[in-house]
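The sequence shown begins at 3 in the numbering used here and counts up by one.
First up is the structure itself, then whatever we jot down about it.
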Amino acid sequence: MHILTRFRGFSLLALIALTTTQLPAQWWDLPATVGESLNKQSEGKWKIGFESRVRYETRTGNNFGKDPDISTGLVRTRVSLSYQPVSWFKVSGMMQDARSPWYGDNAPNTVRDPADLQESYFEIRPGSKTGFGMTAGRMMLNYGEARLIGSPQWSNLSRTYDHARAYYMFPWARFEFLVVSPVKIQIGEFNRPVLGDRVWGAYNAFPEIFGKNTLEAYVLRHDQNRPGGFTGGSTASGTDRLGVNTFGGRLFGPLSTQVSYNVELALQDGKVGPADHRAAALDSWIQRRWKLASKSFSALAEYKYASGTKNPQDTSHTSTFDQLYPANHDKFGHEDLFGWRNLHNYRGLATYGLTKAFSLNFMYDSLWLASARDSLYNSSGKSIAKSAAGTAGRHVGEETDLFATYKHKHWLVGAGYGHLFAGQFVRLTTPGVSPTYMYLFHTYSF
């Protein structure tokens, strides 16, 4: 009853947000009007951006019953400003204030970080199509489909990076070298760089390598030491660090005017503490679009795999895929319970555009462990549960999700519901509670 009462309150607040979109633009769209005026008066040299997002959510069965149920509000406010005095140079910054007012005094740093620096970087030759360019500073980044390096916008905080990258562009290719380090959240103080956890390497793209298909190829090195968060190995023996190499590629594009596809493969070697590391991961999907009752409809089928360690008791070898810094929202279900480690995932997504502004989505996920003796991992890559003997089976569960969004000018509102039906592995290694997720949100941004 408590959950239903709270959710009715969420519904009322969302209705209020939706109805305000019908008020005169002079009232509710004033921030965007001011931003556009600044841009116009400065002849495009100054640009201001703003976002206010509020999400009301209820989660039950947290950690499959190990943690208490949570009903809370997540409030995120962003103000950004950029200045481009000349065509070849630009500086940008963003302040972000993230809070969780109903969570209580013990709200973790995954949901709150009041008034901190989210972005502060410069660009050389921004917007150029050919030749040299670079960016450096603190910045939200996404590479490919953000499966290995991304900034998850659904999160109340959204990961940001201290980084430097330089690239050279041809009409037929882009060659890039990068160094990125995820910012560690420090509640109550400004977040400072912690470069002991970083990825560096090359991420190259070849557009229209054949037809309208694009190939991305990357070589990335993940280094992590004690200050960066690595807890394994021994300082005395010099094994107190992680060093993983990822060699991968992604091919994507249209198969026809209505069908598109994506295939990504990543192979890894290196060291995790004293252990030799060998791992692999695969993602593949195909999507078709067509008209249904004169409305837009699309269906996507996807399979994902990430290797696990067959014998975790053998401390000299590990095969659990290192997912680096992904943006995992919606990739393994709408509840964001799992990560790209030791997993088989079969996913289906159907999207029905009832109007250009309103869309309805249904998602289904079936999840299985790759290795019955390795852990089940959450979206951050941390172990949730494990059957050391491998006797709990491999079936994690099945998740169904229904969610919708409506956009009106600078407003976006949405709601969703998700439920995971716990499989044999979850029932035998945890309290076995099937998680449920309900939410409403509204966002104003420009």
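Glycine included, every Cβ here is placed at the ideal spot set by N, Cα and C.
Next item on the list: Please say whether residue 245 and residue 216 have beta carbons closer to each other than 7 Å?
Entry: No; because the gap between Cβ atoms is not below 7 Å, this pair is not in contact.
Notebook entry, point to check: According to the neighbour-count rule (16 or more other Cβ atoms, all chains shown, within 10 Å of its Cβ), is residue 316 buried or exposed?
Noted result: Around the CB of residue 316, fewer than 16 other CB atoms lie within 10 Å, so the residue is classed as exposed.
Next item on the list: In the DSSP assignment, find the unbroken beta strand (DSSP E) run with residue 290 in it and report its ends.
Entry: Looking at the DSSP string, the run of the beta strand (DSSP E) that includes residue 290 is 277–294.
Notebook entry, point to check: Span of the beta strand (DSSP E) holding residue 183?
Noted result: That run of the beta strand (DSSP E) goes 175–184.
Item checked: Reduced DSSP secondary structure (H/G/I, E/B, other) of residue 192 -> Three-state result, residue 192: coil.
Checklist line | Opening and closing residue of the alpha helix (DSSP H) in which residue 41 lies | finding: Element bounds for residue 41: 32–43.
Notebook entry, point to check: Would the beta-carbon of residue 370 fall within 7 Å of that of residue 283?
Noted result: In this structure, residue 370 sits away from residue 283, with a CB-CB distance that is not shorter than 7 Å.
Note to self: Could you check whether the Cβ of residue 115 sits closer than 6 Å to any heavy atom belonging to the ligand GDP?
What the structure shows: With respect to small molecules bound, the structure shown includes none, and the ligand GDP cannot be examined in it.
Margin query: Short of 6 Å in beta carbon distance, which residues of its chain neighbour residue 388, apart from the five on each side in sequence? Order them along the chain.
Written below: Excluding sequence positions up to five before and after residue 388, its CB lies within less than 6 Å of the CB of 377, all in the same chain and listed in chain order.
Check: Where does residue 214 land, buried or exposed, given buried means 16+ other C-beta within 10 angstroms?
Finding: Looking at its Cβ environment, which holds fewer than 16 other Cβ atoms inside 10 Å, residue 214 is exposed.
Checklist line | Among 138, 117, 169 and 164, nearest to residue 132 - alpha-carbon criterion | finding: Ranked by Cα distance from residue 132, the first of 138, 117, 169 and 164 is 169.
Check: When burial is assigned at 16 or more other CB atoms within 10 Å of the CB, is residue 344 buried or exposed?
Finding: That one is buried.
Next item on the list: Tell whether a beta-carbon distance below 7 Å holds between residue 205 and residue 182.
Entry: Residue 182 is positioned such that its CB atom lies no closer than 7 Å to that of residue 205.
Checklist line | Cα-Cα separation, residue 141 to residue 381 | finding: C-alpha separation (whole angstroms): 21 Å.
Notebook entry, point to check: Shortest alpha-carbon distance to residue 355 belongs to which of 298, 89, 77 and 224?
Noted result: For the set 298, 89, 77 and 224, the Cα lying nearest the Cα of residue 355 is the one of 298.
Notebook entry, point to check: Between the C-alpha atoms of residue 243 and residue 319, what's the straight-line distance to the nearest angstrom?
Noted result: When rounded, the distance between both Cα atoms is 15 Å.
Checklist line | Reduced DSSP secondary structure (H/G/I, E/B, other) of residue 405 | finding: In the three-state reduction of the DSSP assignment, residue 405 falls in the strand class.
Next item on the list: Please report how far the alpha carbon of residue 20 lies from the alpha carbon of residue 117, in whole angstroms.
Entry: A caution first: residue 20 carries a pLDDT of 44, below 50, which makes its placement in the model too unreliable to give a value.
Next item on the list: Tell me whether residue 294 is buried or exposed, calling it buried when 16 or more other Cβ atoms sit within 10 Å of its Cβ.
Entry: Exposed, because fewer than 16 other Cβ atoms sit within 10 Å of the Cβ of residue 294.
Notebook entry, point to check: How long is the line joining the alpha carbons of residue 420 and residue 399, rounded to whole angstroms?
Noted result: In this model, residue 420 and residue 399 are separated by some 13 Å (Cα to Cα).
Next item on the list: Determine the contact status of residue 321 and residue 281, defining contact as a CB-CB distance below 7 Å.
Entry: Their beta carbons are under 7 Å apart, which means residue 321 touches residue 281 by this criterion.
Checklist line | Terminal residues of the beta strand (DSSP E) in which residue 201 lies | finding: Counting along the chain, the beta strand (DSSP E) containing residue 201 begins and ends at 199–212.
Note to self: Less than 7 Å between C-beta atoms, sequence neighbours within five positions excluded: which residues of the same chain meet that for residue 272?
What the structure shows: The answer, listed in chain order, is 245, 246, 247 and 279.
Notebook entry, point to check: Taking C-alpha atoms, which residue in 252, 83, 379 and 407 lies nearest to residue 211?
Noted result: Closest by C-alpha distance to residue 211, out of 252, 83, 379 and 407, is 252.
Check: What are the uninterrupted segments assigned as beta strand (DSSP E) that are 3 or more residues long and contained completely in the stretch 338–386, given in chain order?
Finding: If we require 3 residues or more, the beta strand (DSSP E) runs fully inside the stretch 338–386 come out as 345–355 and 360–371.
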